[in-house]
Amino acid sequence: MIFPLLQPLYKNIHLGPLSRLIMLESLMRLRQLAGESKGQTIGLSDETIERFCEHDPKLVEAIDEASNVFDSLIDEFGIDVISQDESDLISSLQTDYINFYSAATINPYVAIAARGPWVITSRGAVIHDNGGYGMLGGGHGPREVIDSMTKNWVMANVMTPSFSQSRLAARLKKELGHSRGDCPFSKFI
Numbered sequence: 002m003i004f005p006l007l008q009p010l011y012k013n014i015h016l017g018p019l020s021r022l023i024m025l026e027s028l029m030r031l032r033q034l035a036g037e038s039k040g041q042t043i044g045l046s047d048e049t050i051e052r053f054c055e056h057d058p059k060l061v062e063a064i065d066e067a068s069n070v071f072d073s074l075i076d077e078f079g080i081d082v083i084s085q086d087e088s089d090l091i092s093s094l095q096t097d098y099i100n101f102y103s104a105a106t107i108n109p110y111v112a113i114a115a116r117g118p119w120v121i122t123s124r125g126a127v128i129h130d131n132g133g134y135g136m137l138g139g140g141h142g143p144r145e146v147i148d149s150m151t152k153n154w155v156m157a158n159v160m161t162p163s164f165s166q167s168r169l170a171a172r173l174k175k176e177l178g179h180s181r182g183d184c185p186f187s188k189f190i
């Protein structure tokens, strides 16, 4: 975490120029490691991100969390998986699912962290979620709910590709049919 001692105080943070620069550097690191050129989602400009970091602590939290989640994903899945073309990564993560949304409505990014309306992608893009989960209740990762949970999770279904989908499919395949030697299902809904 970039601001570990300040985490409970995020709601009161007013970022100065140096802190905003640190947030942008965190995003640049994700972009460089994951292969920004392989992304299909552009997201907000750095100037816009910097401006919103000054006024919305939820964006600061989301960026900080994305940096930590990204490192965990490298450890779990490997840099080769994470640095695939974004469309290939999406297909890879959802290979074990039947997506009931039309292809045109599936989000073209993999969300790795989110707070309020802010979504950070596996490519370091920042998206303001004006429609879906970002605007329901307290948005993604509402502090009141997170305080009662052990960890924040990006709220997503099969419309938004997620590393959690791949984890769940692997665990289902391992458990379902373990007494017969293999999983009886090739896809999950």
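Under this note's numbering, residues 2 to 190 are what the sequence shown spells out, in order.
Heads up, the beta-carbon is just placed ideally off N, CA and C, and yes, glycines get one too.
If you're wondering where the values come from, they're calculated on a predicted model, not measured in any experiment.
The DSSP-derived three-state label of His56 is helix. Only residues of its own chain outside the window of five on either side were considered, and among them Tyr102, Thr106, Ile107 and Asn108 have a CB closer than 7 Å to the CB of Met160, listed in chain order. A straight-line Cα-Cα distance of about 12 Å links Ser180 and Lys174. Fully contained in the stretch 96-160 are the following alpha helix (DSSP H) runs of length 4 or more, in chain order: 144-147. DSSP places Phe78 in the helix class (H, G or I) of the three-state scheme.
Contact between Ala114 and Val155 holds, with the beta-carbon distance rounding to 7 Å and staying under 8 Å.
In the DSSP assignment, no residue is bridged to Phe71.
In the three-state reduction of the DSSP assignment, Phe189 falls in the strand class, which pools E and B.
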